[in-house]
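With my numbering applied, the sequence shown has no gaps in its numbers, which climb one by one up to 523 at the end.
For each residue, glycine too, the CB sits at the ideal point set by N, CA and C.
Every value quoted in this text rests on a predicted model; they were computed, and no experiment measured them.
To keep things clear, I will list the structure first and then write my remarks on it.
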Amino acid sequence: VQLQASGGGLVQAGGSLRLSCVASQSISSINDMAWYRQAPGKQRVRAALITNSGSTTYADSVKGRFTISRDKDKNTVYLQMNSLKPEDTAVYYCKALVLAIGGAYEYWGQGTQVTVSS
C-alpha cells in the first residue's frame, strides 16, 4: 500500500486545514487508517484513527476539534482540523494497518507539515 499525504500548510491560530491521504488500493481492504503527528523533538503520536467499520477515536488533545473521515470511492482518508493551536504544529503522517494471515503490516505516507502561528 502506498499512501500520499497532502494538505498541510501555514495557518493562523484558530484557523482550519484539511489533510488528505490517498491510498494506492481500495481502503475497504485496509483494516485501520490513522493520522499521526510528530512535533519537533517529540515522539510521533496518533491523533486520530478510523477503522474499517467506520469507528473513530481521537487523542484527547484534538478531540472536538479534529475529525477523521473517509471516502471509499476515492480511496482517501481526511483529517479536518479546526480551531488550530500553535501546539498542533507538527509533521502529520497517515498510516494504514493491514491484517493478513501472515501478520500485521503497517504502511506510512511521507508526511505533510502543518504550522500554526500564534
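Tyr497 classed as buried or exposed, judged by whether at least 16 other C-beta atoms fall within 10 angstroms: buried
Local Cβ density within 10 Å of Ala505, reported as buried at 16 or more and exposed below that: exposed
DSSP-derived helix/strand/coil call for Ile435: coil
Anticipated Cβ contact below 8 Å, Cys499 with Val519, distance rounded: Not really, about 13 Å apart at Cβ, beyond 8 Å.
Unbroken beta strand (DSSP E) run spanning Lys500, endpoints: 495–505
Status (buried if at least 16 other CB within 10 Å, exposed otherwise) for Leu415: exposed
C-alpha distance - Met486 paired with Gly516, whole-angstrom precision: 16 Å
Beta-bridge partners of Val521, as assigned by DSSP: Val416
Supposed close pair Ala467, Ile435 - CB separation, criterion 8 Å: Checking the displayed sequence, the identity of residue 467 turns out to be Val instead of Ala. Actually they are not in contact, since the Cβ atoms of Val467 and Ile435 sit about 22 Å apart, beyond 8 Å.
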